[in-house]
Amino acid sequence: KAGVTQTPRYLIKTRGQQVTLSCSPISGHRSVSWYQQTPGQGLQFLFEYFSETQRNKGNFPGRFSGRQFSNSRSEMNVSTLELGDSALYLCASSSLAGTTDTQYFGPGTRLTVL
Amino acid sequence: AQSVTQLGSHVSVSEGALVLLRCNYSSSVPPYLFWYVQYPNQGLQLLLKYTTGATLVKGINGFEAEFKKSETSFHLTKPSAHMSDAAEYFCAVSETPNNAGNMLTFGGGTRLMVKP
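Heads up: the protein sequence lines correspond to chains A and B, in order.
Its first residue numbered 848, the first sequence is counted upward by one per residue in this note's numbering.
Its first residue numbered 893, the second sequence is counted upward by one per residue in this note's numbering.
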C-alpha cells in the first residue's frame, strides 16, 4: 500500500498570503489528522477529520482551517500568513480513528513564511 | 488534558552501547502510548505502541519499551546502538477528546546521537 502523501513538500510564501496544503491518506483510511511541528513548540495537534467531519480541533487561531473530501483526501488552509506559521506540517491517517489506532504520518510540507 | 515529558532533549551514546530514552506521562485514564522516530527531512515512523496487555512492548529495529503504571513511565530501550539509530524520537499519548476521534499529544522529543 502506498503511504500517506503530502503535496507540496516545500512552500515559500510571504506574510499576509494564504496557503493550501494537501494530504492523501493511506487507501482505506478514513481519519486524517494534521500536526504542526516547530523548533519552539514541538509537535502540536491542529485538527482531525473523519468521514468529512471535523471531530477535534487543537488550540490554533481561526486562520487555520481544513476540510476532508469524500475520498478521504484532506486539505488544510492557512490564511493571512504570519512569520510564526513557518513550520513543518504533518498529516497522519488512521483506519478507524480510535484511541488505540496507529496514526501513519506523511513526509510533511515545509512552509517558510518570509 | 494529558501530557508527556521526555527527559533529555539530547542523548549521546557510543555505537554498541545501551540506548535509554525516557518518557513520563500524565493521564487520568488508562493511557495508550506510542514511540515514533523522525529522521531528517522525513515524517514520523512508528516504532512501537502500548494499548493493553503485555507491558513490555517490542518494536521495529530492535527497540522495546516497558509500560510502568506505578511510575507513569514508558521508557524506550535498545541493547546496542547502531549509527543508523541517530534520529529524533518522540513519545506520545493518545486521547479521545469529546469521546470521539484520536489525538496524539507528543513529548518534546529526544535527539539521539551515536558516536562511532
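Built from N, CA and C at the ideal position, the CB exists for glycine as well.
Bear in mind that the values here come from a model prediction, so they are computed numbers and not experimental data.
Thinking C-beta only, is residue j closer than 8 Å to residue i?
i: L1004 (chain B); j: A978 (chain B); result: yes
i: L930 (chain A); j: L936 (chain B); result: no
i: N916 (chain B); j: T944 (chain B); result: no
i: A934 (chain A); j: L958 (chain A); result: yes
i: L890 (chain A); j: T956 (chain A); result: no
i: G875 (chain A); j: S942 (chain A); result: yes
i: T997 (chain B); j: S895 (chain B); result: yes
i: Q934 (chain B); j: P908 (chain A); result: no
i: E895 (chain A); j: N994 (chain B); result: yes
i: L961 (chain A); j: I873 (chain A); result: no
i: S904 (chain B); j: K970 (chain B); result: no
i: S901 (chain B); j: G1001 (chain B); result: yes
Could you give the residue range of the beta strand (DSSP E) that holds residue i?
i: Q839 (chain A); result: Missing from the structure shown is residue 839 (chain A); chain A here goes from 848 to 961 and no further.
i: C870 (chain A); result: V866 to S871
i: I859 (chain A); result: Y857 to K860
i: Q853 (chain A); result: T852 to T854
i: R957 (chain A); result: T956 to V960
i: V903 (chain B); result: H902 to S906
i: E958 (chain B); result: E956 to K960
i: N916 (chain B); result: N916 to S918
i: G889 (chain A); result: G889 to F897
i: Q937 (chain B); result: L936 to Y942
i: S912 (chain A); result: F911 to Q915
i: K904 (chain A); result: T900 to K904
Let me check understanding here. Comparing Cα to Cα, which of the options lies closest to residue i?
i: T964 (chain B); options: B:L912, B:L925, B:I952 and B:P1008; result: B:L925
i: L948 (chain B); options: B:A893, B:G954 and B:F959; result: B:F959
i: L939 (chain B); options: B:G945, B:I952, B:A946 and B:H967; result: B:I952
i: A999 (chain B); options: A:R862, A:L858, A:P886 and A:T867; result: Checking the sequence shown, residue 999 (chain B) turns out to be Gly, not Ala. Checking every option, the nearest Cα to that of G999 (chain B) belongs to A:P886.
i: F966 (chain B); options: B:S918, B:T988 and B:K1007; result: B:S918
i: Q901 (chain A); options: A:R910, A:W881 and A:Y951; result: A:W881
i: L913 (chain B); options: B:Q930, B:F982, B:S920 and B:Y931; result: B:F982
i: R856 (chain A); options: A:K848, A:L943 and A:S871; result: A:S871
i: N924 (chain A); options: A:T949, A:N918, A:D948 and A:L893; result: A:L893
i: P922 (chain B); options: B:Y942, B:S904, B:Y928 and B:Y931; result: B:Y942
i: R862 (chain A); options: A:S898, A:F952, A:Y951 and A:T927; result: A:T927
i: G905 (chain A); options: A:R914, A:T949 and A:Q883; result: A:Q883
i: T949 (chain A); options: A:Q853, A:K860 and A:S878; result: A:S878
i: S972 (chain B); options: B:Y928, B:V911 and B:W927; result: B:V911
i: R849 (chain A); options: A:V960, A:L961 and A:Y951; result: For the record, residue 849 (chain A) in the displayed sequence is Ala; it is not Arg. Answer by Cα proximity: A:Y951.
i: R910 (chain A); options: A:N903, A:I859 and A:Q864; result: A:Q864
i: L968 (chain B); options: B:A893, B:S962, B:A946 and B:G954; result: B:G954
i: S906 (chain B); options: B:G900, B:S962, B:S976 and B:E956; result: B:S976
i: D932 (chain A); options: A:Q853, A:F897 and A:V866; result: A:V866
i: S986 (chain B); options: B:H902, B:Y928 and B:L899; result: B:Y928
i: A909 (chain B); options: B:S920, B:H974 and B:S962; result: B:H974
i: S820 (chain A); options: A:F897, A:Q853, A:G913 and A:T947; result: Coverage of chain A is limited to positions 848 through 961, which leaves residue 820 (chain A) absent and any answer about it impossible.
For the ligand ADP, is there a heavy atom less than 7 Å away from the beta-carbon of residue i?
i: A939 (chain A); result: By its list of ligands, the structure shown contains no ligand whatsoever, and the ligand ADP lies outside what it can speak to.
### Task
Taking only beta carbons into account, state which residues of the segment 881-902 of chain A come closer than 7 Å to chain B, listed in chain order.
From the segment 881-902 of chain A, only G889, L890, F892, E895, F897 and R902 have a Cβ closer than 7 Å to chain B.
### Task
Quick one: which residues of the segment 929-947 of chain B get their C-beta closer than 7 Å to a C-beta of chain A? List them in chain order.
Q934, G935, L936, L938, K941 and T943: these are the residues of the segment 929-947 of chain B whose beta carbon lies less than 7 Å from some beta carbon of chain A, given in chain order.
### Query
Using Cβ-Cβ distances below 8 Å, what residues of the segment 929-940 of chain A are close to chain B?
Under the 8 Å Cβ criterion, the segment 929-940 of chain A contributes L937 and A939.
### Message
To be precise: take each residue of the segment 906-925 of chain B, compare its Cβ to all Cβ atoms of chain A, and keep it if any distance is under 8 Å. Which residues remain?
### Response
So the list reads Y924, given in the order they occur along the chain.
### Task
Note down, in chain order, all residues in the segment 945-969 of chain B with a beta-carbon under 8 Å from any beta-carbon belonging to chain A.
Going along the segment 945-969 of chain B in chain order, one finds no residue with a Cβ nearer than 8 Å to chain A.
### Query
Taking a cut of 9 Å between CB atoms, which residues from the segment 994-1005 of chain B lie near chain A?
Hits within the stretch, in order: N994, M995, L996, T997, F998, G999, G1000 and G1001.
### Contact set between the segment 908-930 of chain A and chain B, restricted to residues whose Cβ is under 8 Å from the partner
Residues passing the 8 Å Cβ filter: none.
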